[in-house]
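These notes are about the structure you will find just below.
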Amino acid sequence: MRLTQFLVHAGVCSRRAAIKMIADGHVSIDGQVAVHPSTVTGDEEIIAGGEKATLPTQCCYVIYNKPVGIDCNCVADNPHSIINHVTLPTRLFPVGRIDKDSHGLMLLTNDGVLCQRLLSPDYSHPKTYLVTVEPHYQQPDIGDDFQQKMSQGIQLDNVLTRPCKLTLLSKNRFKITLTQGLNRQIRRMTRSLGYKVVDLQRVSIMNLSLQGLPLNQLRELTNEEAHELKTRLASPQ
1 MRLTQFLVHA
11 GVCSRRAAIK
21 MIADGHVSID
31 GQVAVHPSTV
41 TGDEEIIAGG
51 EKATLPTQCC
61 YVIYNKPVGI
71 DCNCVADNPH
81 SIINHVTLPT
91 RLFPVGRIDK
101 DSHGLMLLTN
111 DGVLCQRLLS
121 PDYSHPKTYL
131 VTVEPHYQQP
141 DIGDDFQQKM
151 SQGIQLDNVL
161 TRPCKLTLLS
171 KNRFKITLTQ
181 GLNRQIRRMT
191 RSLGYKVVDL
201 QRVSIMNLSL
211 QGLPLNQLRE
221 LTNEEAHELK
231 TRLASPQ
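Take the sequence shown: its letter number 118 is residue 118 in UniProt numbering, and every next letter is one higher.
Listed below in structure tokens is the structure:
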């Protein structure tokens, strides 16, 4: 197996990031600094970024209903880290992020390949959010004009956001489905139109939903959920 492939399957990073990590001298094989390309059997001691990298013996998939105030990172000495608030069944990594001041559905897994596909822009998987806003600068309540502009795409710095589906729920609340994951995307989109997000909840990722999952609780995916997720991510969209 190629070393880069091993690092992806171990959930360390993407293939591109693995190449850079190796080039920067941050990966070793049995105590020797690795070079690219390299091959491994999986029996070696592989250290990446100061931590031992191992292939999962069994892939695990968990969804979590994250409260406001919890960090998505897995840093033990951070009191706000997710790993200090729930007991995970094994070593898992969060797929993507939800801002500390947002809440809702998170997926955690040790399946490095699935993780990279979910994070890749090539797969364009849908994520749905419920959002509450308040107007800035004497702006009116949200309406058809807001819906049209958000749906068609907003210019954020040098990036035009992809067209998205937006449904108005009230004068200050809407549901939005995105197929990209720019940093703090919804907050930046609404701010550009003169509105401040006061509550943001992610309610679904592809076929996965928050339905029935209490706040700050987690559960493993059913076999059917995991199978459908992997099937939908089998090839880019």
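Note that the Cβ used here is the ideal one computed from N, Cα and C, for glycine as well.
Predicted model only: the values in this text are computed from it and were never measured.
Nearest to Leu119 (by Cα), restricted to the options Asn78, Asp101, Ala23 and Arg97
Arg97
For my contact list, Leu182 and Thr161 are in at a C-beta cut-off of 8 angstroms; report their separation, rounded to the angstrom.
7 angstroms
Strand pairing of Ala48, partner residues [DSSP]:
Val27 and Glu51
Within 8 angstroms (strictly less), CB to CB, does Gly11 reach chain D?
Of the chains in the structure shown, none is chain D; there is only one protein chain.
Enclosing alpha helix (DSSP H) for Thr145 [first to last residue]
Just to set this straight, residue 145 is Asp in the shown sequence, not Thr. Here the alpha helix (DSSP H) through Asp145 covers Asp144 to Gln152.
What is the DSSP secondary structure of Ile63, reduced to helix, strand or coil?
strand
Ser124 versus Ile83 - alpha carbon distance
28 angstroms
Alpha helix (DSSP H) segment containing Leu229, residue limits
Asn223 to Arg232
Going by C-alpha distance, which of Thr179, Tyr61 and Gln180 is nearest Cys223?
Looking at the sequence shown, residue 223 is not Cys but Asn. The shortest Cα separation from Asn223 among Thr179, Tyr61 and Gln180 belongs to Tyr61.
So, helix, strand or coil for Lys20, using DSSP?
helix
Considering just the uninterrupted stretch of the beta strand (DSSP E) at Thr132, what are its terminal residues?
Lys127 to Pro135
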